[in-house]
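Per my numbering, residue 26 is the first one in the sequence shown, and the count goes up by one each step.
Glycine included, each C-beta is placed from N, C-alpha and C at the ideal position.
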Amino acid sequence: MAVLAETATLYDRTKNKVYRSHWVDRLDLLQRGVDVSRKCMKEHPTYGPCYRTYVLCATREAEALYYLKSLTGLGLLENYNAIMKKGKEGMELMPEDADLPNALGALSARCAYPWYSPTRWYGRWYEVPSQQELLDKSIQLHLKAAERDPSNLEYACRLAQVYFQKGDMPNARRWYVKVRDEMPPQQLDDSRWQGLAHTQLATSFAKSKWNVPFA
Numbered sequence: 026m027a028v029l030a031e032t033a034t035l036y037d038r039t040k041n042k043v044y045r046s047h048w049v050d051r052l053d054l055l056q057r058g059v060d061v062s063r064k065c066m067k068e069h070p071t072y073g074p075c076y077r078t079y080v081l082c083a084t085r086e087a088e089a090l091y092y093l094k095s096l097t098g099l100g101l102l103e104n105y106n107a108i109m110k111k112g113k114e115g116m117e118l119m120p121e122d123a124d125l126p127n128a129l130g131a132l133s134a135r136c137a138y139p140w141y142s143p144t145r146w147y148g149r150w151y152e153v154p155s156q157q158e159l160l161d162k163s164i165q166l167h168l169k170a171a172e173r174d175p176s177n178l179e180y181a182c183r184l185a186q187v188y189f190q191k192g193d194m195p196n197a198r199r200w201y202v203k204v205r206d207e208m209p210p211q212q213l214d215d216s217r218w219q220g221l222a223h224t225q226l227a228t229s230f231a232k233s234k235w236n237v238p239f240a
């Protein structure tokens, strides 16, 4: 059942987006993965992969609940506490897995809206923690993912993004440099994480110099 649920996530990730006839097709696919993983957790409460596939499917489904791109955060806020609860149980059962803390860290960062955002008030209705608490939790989880899989460029780059989102520029720069210059690619699509790190270092951390001869 855990393998069946994971295929839903893998299929959703690799399916050609051009041939998706409607957003509901994706939602139905991920709902099947959530249903199977829930049944797996109920029948095998001590089997960690059941919790892993539930978190992976549930986070992607929560993001796809609303068709409008500006409303994608609402589904994450509505299901934040439920996903985090099962994710923590899964991390205890799978202490070496890196996908769980990475997914939970990304979920926390996606829900970290500032206090003046209308979406933040929607999150308060569902008792989602404050922006600072969410960012701290996200950093903690991404650090755990990077420790469990130190050669993964995605985990390191996402950690740098959260540091940047929090405003911790020294740590953000350190991890971006590590992704760009120190970590060799492990997969074919790892070049995009190095490209993202290079773009951030070239734009967000570079000081502009103006060549004004008459100044």
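Thinking C-alpha only, which one of Q219, S229 and L52 is nearest V204? As a position in the sequence shown, residue 204 is number 179, starting the count at 1. Answer by Cα proximity: Q219.
Could you tell me how far apart the beta carbons of A137 and R183 are, in whole angstroms, since I believe they sit closer than 8 Å? Translated into positions along the sequence shown, residue 137 becomes position 112. Translated into positions along the sequence shown, residue 183 becomes position 158. The distance from the Cβ of A137 to that of R183 is about 13 Å, inconsistent with a contact at the 8 Å cut-off.
From Q211, L221, Q212 and D214, residue whose alpha carbon lies closest to that of V202: Along the sequence shown, one-based indexing puts residue 202 at 177. Residue L221 is the option with its Cα nearest to V202.
Under 8 Å between the Cβ atoms of Y105 and Y151? As a working note, residue 105 is residue 80 in the sequence shown. As a working note, residue 151 is residue 126 in the sequence shown. For Y105 and Y151, yes; Cβs fall inside 8 Å.
With distances taken from CA atoms, which of L54, G112, L55 and E88 is nearest Y72? Counting from one through the sequence shown, the residue named residue 72 turns up at place 47. For the options L54, G112, L55 and E88, the alpha carbon positioned closest to that of Y72 is the one of G112.
Going by beta carbon distance, what residues of the same chain come within less than 7 Å of L125, once the five residues before and after it are set aside? Taking the first residue of the sequence shown as position 1, residue 125 is located at position 100. The residues are R77, V80, G112, G115, M116 and M119.
Does DSSP put L81 in a helix, a strand or coil? To locate residue 81, count along the sequence shown from 1; it is residue 56. DSSP, read as helix, strand or coil, puts L81 in helix.
On the CB-based measure, 16 or more other CB atoms within 10 Å of its CB, does G98 come out buried or exposed? The residue labelled residue 98 in the question sits at position 73 within the sequence shown. Per the 10 Å Cβ criterion, buried.
In three-state terms, what does DSSP make of P210? Locating residue 210 in the sequence shown gives position 185, counting from the first residue. In the structure shown, P210 falls within a coil segment according to DSSP collapsed to helix, strand and coil.
Could you tell me the alpha carbon to alpha carbon distance between L159 and A128, rounded to whole angstroms? Residue 159 sits at position 134 when you count from the first residue of the sequence shown. Residue 128 sits at position 103 when you count from the first residue of the sequence shown. In this structure, the straight-line span from the alpha carbon of L159 to that of A128 is close to 13 Å.
Neighbourhood of E179 by C-beta distance below 7 Å, restricted to the same chain and skipping five residues each side: Counting from 1 along the sequence shown, the entry for residue 179 is found at position 154. Here E179 has W218 as same chain residues with Cβ atoms under 7 Å from its own Cβ, once five neighbours each way along the sequence are excluded.
Per-residue DSSP class, three states only, for D5: Only positions 26 to 240 of the chain appear in the structure, and residue 5 is not among them; the question remains open.
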